[in-house]
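**Student:** Under the numbering used here, the first residue of the sequence shown carries the number 31, and numbering increases by one thereafter.
Where a beta carbon is used, it is the ideal one built from N, C-alpha and C, also for glycine.
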Amino acid sequence: MSLWRDLKIATDLLKAGTPVAVPTETVYGLAAPVWSSEAIRKVFELKARPFFDPLIVHVASISQVAEVAEELSGLALHLARTFWPGPLTIVLKKRPELDPTITSGLDTVGVRLPSHPIMRRLIKSAGAPLAAPSANRFGKTSPVTAAHVRSEWPGAEVFVVSGGHSQIGIESTVIEVVSDNEIEVLRPGFVSIEDLHVACKAYSPEAGAAVGFALVESKKSPGHLLAHYQPAIPLVILPCSSFPLSAERTEEIAGLLSARFERIIAPVSCNLYLDPNPALAARNLYSSLRTLAERGEGFITVEKRDTNQLGLWTAIWDRLSRAATLDLS
Ligand code: TXA
Ligand code: MG
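What follows is the structure, given as structure tokens:
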């Protein structure tokens with residue numbers, strides 16, 4: 031099917047209030063126009079997502095933010111201008127008329143201006159900001175290709191617009207601008223703490239000194255749970271230099287997992303390779319987890335390294351530690 035035809039179908043569905051799966055540069059999203067409470071409810075239903083977990087709203091321009099949230103100003107505007115279009119979500123005070131289901135009843139809304147041209151075009155053609163969580167069942171690995179999305183809903187109940195492999199491969203960084211001098215990172219992502227430091231410092235020296243990081247499960251980021259992004263077979267984090275795994279060690283880990291899951295986990299393992307270049311490691315992370323999980327038996331291992339976890343590694347290890355059932359590192 032041609033892209034033009036897909037865009038026409040997706041636009042008509044969105045205008046009629048039906049959710050559509052869309053490509054973004056981070057991961058694929060399951061999009062609904064913000065005005066359609068029916069479509070928003072359907073997104074939660076399709077994902078089996080609890081209503082306490084708010085959705086990110088996607089806009090096509092900085093001026094469109096005002097349709098869903100307070101207008102950007104000060105440090106928030108500076109950060110938007112620095113990182114948009116791109117993988118940064120800014121939590122802002124919501125407009126009172128915005129559907130509270132989108133924000134899980136919070137008085138704030140997470141807003142992002144994505145860079146993927148197909149996503150931006152769809153926001154424009156649908157004529158409204160699009161609320162879109164990642165297009166996967168709740169708690170599972172996010173999709174980075176159209177085929178991944180189709181495997182989440184094989185009954186074809188979701189129309190998917192194909193836009194190639196997501197270039198970044200992990201979800202956006204979520205921040206809250208606490209004051210004009212202080213921001214807090216609610217979820218690490220492609221925009222690193224270091225990137226944010228530099229950008230805040232360019233705004234003012236005081237702001238540069240106050241970039242906080244809510245690394246633990248935060249009430250402020252209700253959906254970023256300790257168990258999240260889980261592949262279909264268990265993932266185990268091992269200490270550095272664990273490979274090759276001996277047969278005894280593999281049996282031992284399978285035993286621990288079998289006890290944890292109360293079912294037999296086969297003593298077969300496959301290793302998740304992390305590219306030393308963090309941009310490539312992030313881009314391939316979810317694809318590799320899905321490919322390894324397709325084997326359907328045993329467990330996946332990953333070796334803990336890059337313990338200083340600077341830059342993008344913070345986000346990669348945040349996802350891996352939440353995706354893992356066992357951390358033996
Ligand atoms: O890259 C991304 O952000 C992707 C693409 C599709 O844009 N979306 C995504 O959405 O990852 P989702 O639903 O999987 O994660 C959204 C998370 C929530 O779980 C929550 O932690 C945080 O964003 N969030 C959203 N609105 C918030 C708010 N008002 N306050 C605090 N955190 C919020
Ligand atoms: Mg998600």
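State the DSSP-derived secondary structure class of C270, mapped to helix, strand or coil.
**Tutor:** Indexing the sequence shown from 1 puts residue 270 at position 240. Coil, per DSSP.
**Student:** Only counting runs of 4 or more residues, tell me where the alpha helix (DSSP H) segments fall wholly within the stretch 83-147, in order along the chain.
**Tutor:** List check, alpha helix (DSSP H) in window: 104-113.
**Student:** Starting from C300, follow its DSSP beta bridges and name the residues at the other end.
**Tutor:** To locate residue 300, count along the sequence shown from 1; it is residue 270. For C300, which the question treats as bridged, DSSP gives the partners I330.
**Student:** Do you know whose CA, among E75, T138, A312, L118, lies nearest A229's CA?
**Tutor:** Translated into the one-based positions of the sequence shown, residue 229 becomes position 199. Checking every option, the nearest Cα to that of A229 belongs to L118.
**Student:** Have a look at N211, P269, P126 and flag the residue whose alpha-carbon is nearest the alpha-carbon of L136.
**Tutor:** The residue given as residue 136 occupies position 106 in the sequence shown. Taking only the C-alpha atoms, the option nearest L136 is P126.
**Student:** Determine which residues share a DSSP beta bridge with A61 and list them.
**Tutor:** Within the sequence shown, the letter at position 31 stands for residue 61. Note: A61 sits in a beta bridge opposite V50.
**Student:** Taking DSSP's pairing of strands, which residues face R217 in a bridge?
**Tutor:** As a position in the sequence shown, residue 217 is number 187, starting the count at 1. The partner list for R217 (beta bridge, DSSP) reads V204.
**Student:** Are the beta-carbon atoms belonging to L322 and C300 less than 8 Å from one another?
**Tutor:** Residue 322 sits at position 292 when you count from the first residue of the sequence shown. Residue 300 sits at position 270 when you count from the first residue of the sequence shown. Cβ distance < 8 Å, so L322 and C300 count as in contact.
**Student:** I believe S172 touches V57 by the beta-carbon criterion, under 8 Å. Please report the beta-carbon distance rounded to the nearest angstrom.
**Tutor:** Locating residue 172 in the sequence shown gives position 142, where the first residue counts as 1. Locating residue 57 in the sequence shown gives position 27, where the first residue counts as 1. With 8 Å as the limit, S172 and V57 qualify as a contact, their Cβ atoms being about 4 Å apart.
**Student:** Applying the 10 Å Cβ sphere with the 16-neighbour rule, what's the burial state of Y303?
**Tutor:** Translated into the one-based positions of the sequence shown, residue 303 becomes position 273. Y303 should be labelled exposed.
**Student:** Out of R217, D210, I148, E75, which one is the CA nearest neighbour of G140?
**Tutor:** Counting from 1 along the sequence shown, the entry for residue 140 is found at position 110. Comparing Cα-Cα distances from G140 to each of R217, D210, I148, E75, the minimum goes to R217.
**Student:** Straight-line CA distance for L122 to L275?
**Tutor:** Translated into the one-based positions of the sequence shown, residue 122 becomes position 92. Translated into the one-based positions of the sequence shown, residue 275 becomes position 245. Distance between the alpha carbons of L122 and L275: 48 Å.
**Student:** Do G219 and I263 come within 8 Å of each other at the CB atom, strictly closer than that value?
**Tutor:** Against the sequence shown, residue 263 aligns to sequence position 233. Against the sequence shown, residue 219 aligns to sequence position 189. Against a cut-off of 8 Å, the Cβ pair of G219 and I263 comes out as no contact.
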